[in-house]
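**Q** FYI, in this note's numbering the residues of the sequence shown are 28 to 198.
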Amino acid sequence: MTTTPQESIKVSIRSELEATQTAFHMLLQSLSDTEWRRKSGYPVWTVGEVMVHLTLVLRELPNEIEAIRRGKRITKPPPAMFERVTVWLARVGAWRQTRDSVARKYDTAHAAMMVELDCIQQHEWLKRAHYPKINDGPVFPGAYVTIEILCRFPSRHFTRHLKDIREGLGG
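1. Given a threshold of 16 other Cβ atoms within 10 Å of its Cβ, counted over all protein chains shown, does W122 qualify as buried or as exposed?
2. In its own chain, which residues sit with a C-beta less than 7 Å from the C-beta of G164, not counting the 5 before and 5 after it?
3. In whole angstroms, what is the alpha-carbon distance linking Q149 and R65?
4. Under the three-state reduction of DSSP, which class applies to Y158: helix, strand or coil?
5. Would P106 be called buried (16 or more neighbouring beta carbons within 10 Å of its own) or exposed?
6. Mind pulling the alpha helix (DSSP H) runs of 4 or more residues that sit fully within the region 34 to 87?
7. Starting from the Cα of T43, find the closest Cα among M140, L196, V119 and give me that residue.
8. Between the C-alpha atoms of L177 and L85, what's the straight-line distance to the nearest angstrom?
9. Mind checking who Y133 pairs with in its DSSP beta bridge?
10. Could you pull the DSSP bridge partners for T173 from this structure?
11. Rounding to the nearest angstrom, what Cα-Cα distance links M53 and Y158 in this structure?
12. At a cut of 8 Å, does the region 110 to 121 reach the region 77 to 91 through at least three beta carbon pairs?
13. Under a Cβ-count criterion, where at least 16 other Cβ atoms within 10 Å of its own Cβ denotes burial, should Y6 be classed as buried or exposed?
14. Going by alpha carbons, who is nearest to D191 out of S57, R179, T73?
15. In terms of residues, what are the limits of the alpha helix (DSSP H) holding T102?
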């Protein structure tokens, strides 16, 4: 049985997401309590807060993908507010969290992402929506994003923040 290009997209994304989940857990398990609380290379967050941020973003992506599938807009706060809200959510989200609780939350978000991935129909991969400009970073600078781009985002996002974590850990 041969796979269509759209089916191979799903297989590729599933593989990326699973590899990212494995890398997230390996990193999480490698962190000591001291390293968890250490400042990351991203100046406003600790290493633990970055890990929580990765989890929060993964948790939100299925909602954004579903919005595109239904032809709805993706909305975000204005750029000046977005950064503050994101920082605050990660800080509050990390408060009283352990590596184990963050691992469970990541796995729950990952499972929801996989369910959403399974729901995507072949004709939907190129559906797109305008992603609001939320910061000056390399994420989505006020561009159109497709469902495929959003599905691949967790891996890119993890890689981007892994650099910040390593910088905070002195590596």
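By construction, the Cβ of each residue, glycine as well, lies at the ideal position given by its N, Cα and C atoms.
**A** Quick look at the numbers:
1. Within the sequence shown, the letter at position 95 stands for residue 122. W122 comes out exposed.
2. Position 137 of the sequence shown, counted from the start, is the residue given in the question as residue 164. Because the pLDDT at G164 is just 49, under 50, the model does not fix this residue reliably, and the point stays unresolved.
3. The sequence position of residue 149 within the sequence shown is 122, counting from 1. The sequence position of residue 65 within the sequence shown is 38, counting from 1. The C-alpha of R65 is placed about 44 Å away from the C-alpha of Q149.
4. Numbered from its first residue, the sequence shown carries residue 158 at position 131. In this structure, Y158 counts as coil in the three-state DSSP scheme.
5. The residue you call residue 106 lines up with position 79 of the sequence shown. P106 is exposed by the Cβ-count criterion.
6. 60 to 64
7. Translated into the one-based positions of the sequence shown, residue 43 becomes position 16. It is worth fixing the name first, because residue 43 is Glu in this sequence and not Thr. Selected option, being the one with the closest Cα: M140.
8. Your numbering for residue 177 matches position 150 in the sequence shown. Your numbering for residue 85 matches position 58 in the sequence shown. If you take the alpha carbons of L177 and L85, they lie about 10 Å apart.
9. Counted from its first residue, the sequence shown places residue 133 at position 106. Paired residues: none, contrary to the question.
10. Within the sequence shown, residue 173 is the residue found at index 146, counting from 1. In the DSSP output, where bridge partners are listed per residue, T173 has R155.
11. Working through the sequence shown from its first residue, we reach residue 53 at position 26. Working through the sequence shown from its first residue, we reach residue 158 at position 131. Cα to Cα, M53 sits roughly 31 Å from Y158.
12. yes
13. Nothing about residue 6 can be reported from this structure: the residues present for the chain run from 28 to 198 only.
14. For this step, residue 191 is matched to residue 164 along the sequence shown. Among S57, R179, T73, the Cα nearest to that of D191 is on T73.
15. By 1-based counting over the sequence shown, the position of residue 102 is 75. T102 -> no alpha helix (DSSP H), and no H or E assigned at all.
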